[in-house]
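Residue numbers (the working numbering), protein chains in the order written: chain A, 524 to 731; chain B, 524 to 731. Glycine included, C-beta positions come from ideal geometry on N, C-alpha and C.
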DNA sequence: GGAAGTTAATCAAACGATTGATTAATTTTG
DNA sequence: CAAAATTAATCAATCGTTTGATTAACTTCC
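Quick look at the structure:
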């Protein structure tokens, strides 16, 4: 007989993440989290100390997974342009398979009321930006790329990806894109990857 | 003696917009709005019916101002590329002089809990997207531009602008960009305009 | 090996504080 | 004086958190 041991602690984290993504931090009550997770209300404070404790734990877990992924790319013995293509692909894959969380992260980024969380997200993003920074500068120095505004290129890469998953896009008249549909998700993801790779190739190698 | 007639109704709108931008809709209480505006709490309901009424009025006022600006551009007798440059400039100017509101709009866009507001914002953005759409397609058809992924170009233009004003950017080590400083705001705005105009020029005319 | 002790997990109920909203009375205005 | 604007006081509802009690699963000890 299967014991069906669903860890209540994890259930709370899962429910809270879902609700925070959908209705925001202040828009989600501990009672909702309790109901959605099947755990008693007191368990939230028992395990995490507070509602904010739950939020912090979610963000920490996610951001940890973020950091430990892209660092290998820069050590490959490939050209700057190929590195850039790989980073775009890796970044797109991460965002497109965690859209709800990515939205939540951006929402938190636009608020001034949790400065510590803002800093944490900022630092996590900074790591990605530094990596991009290094690759592009290396490319400029070794003559692969023309002399461009590095920070703005980074804003374009990250901004394009974020815009595609957050802003509403129509696929045709009256038919909006649904990224929660795996098929559409894959199609759009590959489309934005192709677009960005093409864009940086043309732009960065145009004025050598 | 100056009568100092500060309309209470407008004072509420101003205070509420400031607070909604800073701490979000659910994160702002009617008592905060009351205190910040100097109006009695009951005045909020007296004038706007409810807290949400205040929010809707703010969004409606702003979005109205949004729509009535860009439509003339497309009638100018200039090339598709020049139109595109103008739109980038106009869009950047609007965003950079309404950063707080732009953040609030994007925050609202990432929530699912106020569908009517979501639709309103979506429609307002759609107008801008349609304009861009038209210009780029015209350019492709008259041979000015190569055959590109139009929707993705739009995502790049809008995404880049949004990323610059929302995501944290460093100007140097330990020194973050402060867009509320008019001087820095102007410098960064002109930098992103130059970048985007350059980018679309190079990219769109590269594979004719 | 079984009674006694210890622990983490879970619960219903209640806590004080705060929420958005409303009332009824008062002041200001035209 | 009537209408509009403004006020303090109050409302029920909900908020995040805490409480004291109970359960079930292990240890410890004789």
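DSSP on residue 678 of chain B, reduced to helix/strand/coil?
-> helix
Inter-residue Cα distance where the pair is residue 570 of chain B and residue 713 of chain B = Distance from the CA atom of residue 570 of chain B to the CA atom of residue 713 of chain B, rounded to whole angstroms, is 40 Å.
What's the gap between the Cα of residue 546 of chain A and the Cα of residue 556 of chain A?
-> 12 Å
The alpha helix (DSSP H) with residue 668 of chain B in it runs from where to where?
-> No alpha helix (DSSP H) holds residue 668 of chain B; DSSP gives it neither H nor E.
Give the straight-line distance between the Cα atoms of residue 538 of chain B and residue 618 of chain B, rounded to the nearest whole angstrom.
-> 20 Å
So which residues of chain B does residue 647 of chain A contact, with C-beta pairs closer than 8 Å?
-> Per Cβ cutoff of 8 Å: no residues; residue 647 of chain A is ~11 Å from chain B at best.
CA-to-CA distance, residue 565 of chain A to residue 612 of chain B, given in whole angstroms | Rounded to the nearest angstrom, the two C-alpha atoms are 53 Å apart.
Near-chain A residues of the segment 694-714 of chain B (beta-carbon distance less than 8 Å), N- to C-terminal order = Hits within the stretch, in order: 714.
Quick one: is residue 686 of chain A buried, meaning 16 or more other Cβ sit within 10 Å of its Cβ, or exposed?
-> buried
Is it right to say residue 727 of chain A is buried, meaning 16 or more other beta carbons lie within 10 angstroms of its own, or is it exposed?
-> Only buried fits residue 727 of chain A, as 16 or more other CB atoms lie within 10 angstroms of its CB.
Put residue 693 of chain B into one of helix, strand or coil per three-state DSSP.
-> strand
Determine which residues of the segment 625-642 of chain B have a Cβ less than 7 Å from any Cβ of chain A, and write them out in chain order.
-> Hits within the stretch, in order: 626, 629, 630, 632, 633, 634, 635 and 636.
Near residue 629 of chain A, which residues of its chain fall below 7 Å by C-beta distance, leaving aside the five closest residues on each side in sequence?
-> 685 and 689
Cβ-Cβ distance between residue 788 of chain A and residue 656 of chain A below 8 Å = Past the edges of chain A, shown from 524 to 731, lies residue 788 of chain A, and the structure says nothing about it.
Alpha carbon to alpha carbon, how far is residue 579 of chain B from residue 649 of chain A? Give it in angstroms, no decimals.
-> Approximately 35 Å, taken between the alpha carbons.
What alpha helix (DSSP H) runs, 4 residues minimum, are completely inside the segment 584-670 of chain A?
-> 603-619, 622-632 and 638-664
Indicate whether residue 644 of chain A and residue 610 of chain A have their beta-carbon atoms separated by less than 8 Å.
-> No; because the gap between Cβ atoms is not below 8 Å, this pair is not in contact.
DSSP state of residue 699 of chain B, grouped into three classes?
-> strand
Proximity of residue 582 of chain A and residue 652 of chain A at Cβ, strictly below 8 Å | no
For residue 614 of chain A and residue 574 of chain A, the rounded distance between their alpha carbons = 30 Å
Is the CB of residue 722 of chain B under 8 Å away from at least one CB in chain A?
-> So, interface residue.
Collapsed DSSP secondary structure at residue 573 of chain B in the structure displayed | coil
Just by C-beta distance, which residues in the segment 565-586 of chain A are closer than 7 Å to chain B?
-> none
Kindly say whether residue 682 of chain A, judged by its beta-carbon, lies nearer than 8 Å to any beta-carbon of chain B.
-> yes
In whole angstroms, what separates the C-alpha of residue 720 of chain B from that of residue 535 of chain A?
-> 48 Å
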